[in-house]
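Undergrad: The following block contains the structure, expressed as structure tokens.
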Amino acid sequence: MTREEELEIVRQVQDGDSSAFESLVLSHQSKVYNLSLRMVGNEDDALDMAQESFIRAYNSIGSFRGDCRFSVWLYRLTTNICLDFLRSESRKAHISLTYAEDDCERELEIPDERFSPQSEAERAELRAAVRRGMKHLPADYRAILLLREIDGLSYDEIGKALELEAGTVKSRIFRARKKLCEILLSDRNFSYTSESKERKEV
Amino acid sequence: MAECDKYIMMISSLSDSELSPEQEAELCAHMESCSDCRRIYDAFKGISGAMSDDLVEPPESLSKSIMHRIEAQEKSKRPRFFVFGRFTAAAACLVLILFGASRFGWFDSLFRSDLTRDAAPEETVLSGSNPEECEDVQEGTTKKDSDYGFSHEQVEEKSSGSDGMMFTAPMTGNSGNSTMYAAGSGELNGILSGLFASGEIKVFEGSYDKRENVRPLITLNDNKQTELSDILGCSGTDIVDPELSDTPDYTLLFPDATTISLWSVDGSIYCILGTRETVYLAAGTMEEFKSFLASY
Chain A
0 MTREEELEIV RQVQDGDSSA FESLVLSHQS KVYNLSLRMV GNEDDALDMA
50 QESFIRAYNS IGSFRGDCRF SVWLYRLTTN ICLDFLRSES RKAHISLTYA
100 EDDCERELEI PDERFSPQSE AERAELRAAV RRGMKHLPAD YRAILLLREI
150 DGLSYDEIGK ALELEAGTVK SRIFRARKKL CEILLSDRNF SYTSESKERK
200 EV
Chain B
0 MAECDKYIMM ISSLSDSELS PEQEAELCAH MESCSDCRRI YDAFKGISGA
50 MSDDLVEPPE SLSKSIMHRI EAQEKSKRPR FFVFGRFTAA AACLVLILFG
100 ASRFGWFDSL FRSDLTRDAA PEETVLSGSN PEECEDVQEG TTKKDSDYGF
150 SHEQVEEKSS GSDGMMFTAP MTGNSGNSTM YAAGSGELNG ILSGLFASGE
200 IKVFEGSYDK RENVRPLITL NDNKQTELSD ILGCSGTDIV DPELSDTPDY
250 TLLFPDATTI SLWSVDGSIY CILGTRETVY LAAGTMEEFK SFLASY
């Protein structure tokens with residue numbers, strides 16, 4: 000769907016055609032669901048978050064002015080809903096959602112071959128390790144990485160979605176990646192497959 | 000590695016294609032001779048690939064459940080608002096008809112014979128009692144007005160809502176009609192106080208449909224109810240015919256299934272107490288309410 004087509008559908012919904020909203024749902028449900036899933040970590044809550052995102056988008060579509068892509072506006076809603084949910088869950092478990100400043104001071108350990116998978120088995124292992132690692136990232140880091148990697152937003156769009164300056168987006172994405180690398184390097188389950196062991200020995 | 004510190008953050012931006020051509024050229028030139036930075040770049044790219052390749056299909060039911068909720072929402076607000084609007088319009092027409100009728104003496108005989116006997120005390124002003132009972136009618140009214148026992152000024156005062164009640168239906172002679180707008184009502188604040196102290200309160204965004212399994216924004220079950228009661232208590236200010244959108248901005252659900260729906264209008268909060276169809280202006284602002292939600 001082009002941006003113009005999307006804007007036209009938004010206008011129809013704003014004019015009262017609720018059925019037109021379905022095409023926006025079908026267009027964006029995959030990324031909204033995946034963003035929610037990686038944010039909250041389980042399918043049931045992800046489904047709730049995704050539903051809530053679209054319902055909230057529908058109810059507040061009158062406030063969408065078209066000064067950014069509809070997806071940027073939608074992912075912003077989704078991120079906020081997920082962060083609110085995680086905040087309420089973290090209050091119960093006394094977990095911090097944001098990074099500590101000193102987390103960023105450690106030097107980045109040089110990653111090894113596990114991060115450059117050659118075979119499908121190695122790629123699957125890396126995907127699984129990244130999935131595990133994301134759950135241990137603070138929610139702020141998780142959100143910004145997901146908007147970049149899952150939703151493909153530019154730094155400028157991420158800035159609009161999260162109301163951050165461009166420089167902050169750049170540095171926060173870097174810190175999120177650095178933190179994720181550290182988590183993966185310390186993940187004992189993220190090991191060499193037999194193929195990569197052979198290459199290393201060579 | 001000290002020199003590499005300068006390039007490491009750039010490596011992250013390079014993997015997102017967010018460097019200028021000059022910066023990209025400089026970094027690539029560095030990476031040709033620095034295996035550590037190349038491995039960092041490969042790792043960042045590997046992570047990006049792992050995340051973007053790891054998309055799952057959403058359940059088929061997702062889009063259907065979303066559209067179903069939207070349809071249910073649209074259906075549920077139409078009849079309610081329709082009845083609300085009809086009642087308002089009907090009450091307004093009734094007042095105008097009765098005003099016109101009484102002004103021109105169309106119900107002269109009815110007023111004289113029936114309503115003087117049956118009307119509530121506040122209705123006798125309009126009732127057109129016997130001339131002997133009109134000694135207190137203000138001077139300056141027409142002879143016709145005084146014959147009917149009321150003055151034009153008194154009728155206007157009655158319908159203006161200066162006593163805080165708007166659009167009662169005088170024809171039935173019953174001051175206990177459904178009240179569309181209640182401002183400054185001690186009774187209303189008493190009811191609200193009872194509600195806010197009654198136990199767990201759930202706050203939903205938009206409207207609430209008990210048939211849908213919707214997660215509330217927050218659930219209050221501690222001392223915060225008092226704070227919320229201060230924000231959403233009745234302000235005591237008259238309101239005139241608010242134009243409310245079909246869907247409220249928020250809905251509160253109380254233990255006895257009573258709801259209060261909230262609309263943001265120019266920063267103020269207009270509330271409808273569900274069981275009584277009573278509209279009132281809240282004491283607090285929408286900004287205060289949202290700050291309360293955010294703090295909980």
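If you read the sequences in order, they're chains A and B. Under numbering that gives the first Met the number 0, think of the first position of the first sequence as 0, with each following residue one higher. Under numbering that gives the first Met the number 0, think of the first position of the second sequence as 0, with each following residue one higher. Ideal Cβ positions, reconstructed from N, Cα and C, are used throughout, including at glycine.
Let me make sure I understand the geometry here. Which of 15/A, 131/A, 71/A and 22/A has the alpha-carbon closest to that of residue 0/A?
TA: Closest by alpha carbon: 22/A.
Undergrad: Would the beta-carbon of residue 282/B fall within 8 Å of that of residue 248/B?
TA: It is not a contact, given that the beta carbons lie outside the stated cut-off.
Undergrad: Classify residue 258/B as helix, strand or coil using the three-state DSSP reduction.
TA: The answer is strand: DSSP assigns residue 258/B an E or B state.
Undergrad: Whose C-alpha, out of 213/B, 260/B and 207/B, is nearest the C-alpha of residue 232/B?
TA: It is 260/B whose Cα lies nearest to the Cα of residue 232/B.
Undergrad: If the cut is a Cβ gap below 7 Å, which residues of chain B does residue 142/A touch?
TA: Here the premise fails: no neighbours, minimum Cβ distance about 13 Å.
Undergrad: Which of helix, strand or coil does DSSP assign to residue 273/B?
TA: Helix, per DSSP.
Undergrad: Relative to the C-alpha of residue 10/A, which candidate in 49/A, 65/A, 42/A and 51/A has its C-alpha closest?
TA: For the residues 49/A, 65/A, 42/A and 51/A, the minimum Cα distance to residue 10/A belongs to 65/A.
Undergrad: When you check each C-beta in the region 2–14 of chain B against every C-beta of chain A, which residues fall closer than 7 Å?
TA: Flagged, chain order: 7, 8, 11 and 12.
Undergrad: Let me check one thing: in DSSP terms, what residues is residue 217/B bridge-paired to?
TA: Answer by DSSP bridge pairing, in chain order: 202/B.
Undergrad: Taking C-alpha atoms, which residue in 236/B, 70/B, 216/B and 12/B lies nearest to residue 279/B?
TA: Comparing Cα positions, the closest option is 236/B.
Undergrad: Please classify residue 299/B: is it buried, with 16 or more other beta-carbons within 10 angstroms of its beta-carbon, or exposed?
TA: Because chain B spans 0 through 295 in this model, residue 299/B falls outside it and cannot be assessed.
Undergrad: Strictly under 8 Å for the Cβ-Cβ distance: is residue 55/B near chain A by that measure?
TA: Yes, contact with chain A.
Undergrad: In three-state DSSP terms, what is residue 282/B?
TA: Strand.
Undergrad: With DSSP as the reference, label residue 252/B as helix, strand or coil.
TA: Residue 252/B: strand per DSSP, three-state reduction.
Undergrad: State buried or exposed for residue 20/B, treating a residue as buried only when at least 16 other CB atoms are found within 10 Å of its CB.
TA: Exposed is the call here.
Undergrad: Could you check what DSSP says for residue 234/B in three-state terms: helix, strand or coil?
TA: Of the three classes helix, strand and coil, the one that applies to residue 234/B here is coil, per DSSP.
Undergrad: Answer yes or no: do residue 49/B and residue 126/A have a C-beta to C-beta separation smaller than 8 Å?
TA: Cβ atoms of residue 49/B and residue 126/A: closer than 8 Å.
Undergrad: Applying a beta-carbon distance threshold of less than 8 Å, which residues of chain A neighbour residue 258/B?
TA: In chain order: nothing, as chain A lies at least about 17 Å away.
Undergrad: DSSP three-state call for residue 153/A: helix, strand or coil?
TA: Of the three classes helix, strand and coil, the one that applies to residue 153/A here is coil, per DSSP.
Undergrad: Would you kindly report the start and end of the unbroken alpha helix (DSSP H) that includes residue 66/A?
TA: Per DSSP, residue 66/A belongs to no alpha helix (DSSP H) and is neither H nor E.
Undergrad: Going by beta-carbon coordinates alone, are residue 165/A and residue 155/A separated by less than 8 Å?
TA: Result yes, Cβ atoms of residue 165/A and residue 155/A sit closer than 8 Å.
Undergrad: Classify residue 267/B as helix, strand or coil using the three-state DSSP reduction.
TA: The answer is strand: DSSP assigns residue 267/B an E or B state.
Undergrad: Please confirm if the region 10–20 of chain B is in contact with the region 29–44 of chain B, defined as three or more CB-CB distances below 8 Å between the two stretches.
TA: Touching, per the Cβ criterion.
Undergrad: Spell out whether any CB of chain B is found under 8 Å from the CB atom of residue 189/A.
TA: No, residue 189/A lies away from the interface with chain B (no Cβ there is under 8 Å from its Cβ).
Undergrad: Closer than 9 Å, Cβ to Cβ, to anything on chain A: give me those residues from the region 194–210 of chain B, in chain order.
TA: If the cut-off is 9 Å between Cβ atoms, the region 194–210 of chain B has 204, 205 and 206 near chain A.
Undergrad: Within 8 Å (strictly less), CB to CB, does residue 246/B reach chain E?
TA: Among the protein chains of the structure shown, namely A and B, there is no chain E.
Undergrad: Are there 16 or more other CB atoms within 10 angstroms of the CB of residue 114/A, so buried, or fewer, so exposed?
TA: Flag for residue 114/A reads buried.
Undergrad: Under DSSP, the alpha helix (DSSP H) around residue 40/A begins and ends at which residues?
TA: First-last for residue 40/A: undefined, no H or E at that position.
Undergrad: Taking 8 Å as the threshold (beta carbon to beta carbon), is residue 43/B in contact with chain A?
TA: Answer yes: the Cβ-Cβ gap between residue 43/B and chain A drops below 8 Å somewhere.
Undergrad: Tell me the DSSP secondary structure of residue 229/B in three-state form.
TA: DSSP places residue 229/B in helix when its eight states are reduced to three.
Undergrad: Pick helix, strand or coil for residue 196/B, following the three-state DSSP scheme.
TA: Coil at residue 196/B, not helix or strand.
Undergrad: List, in chain order, every chain A residue whose beta-carbon is nearer than 9 Å to that of residue 229/B.
TA: In chain order: nothing, as chain A lies at least about 23 Å away.
Undergrad: Consider the Cβ of residue 61/B: report whether some Cβ of chain A lies at a distance smaller than 8 Å.
TA: Yes, contact with chain A.
Undergrad: Mind listing the chain B neighbours of residue 178/A? Cutoff is C-beta to C-beta under 9 Å, in chain order.
TA: In chain order: nothing, as chain B lies at least about 11 Å away.
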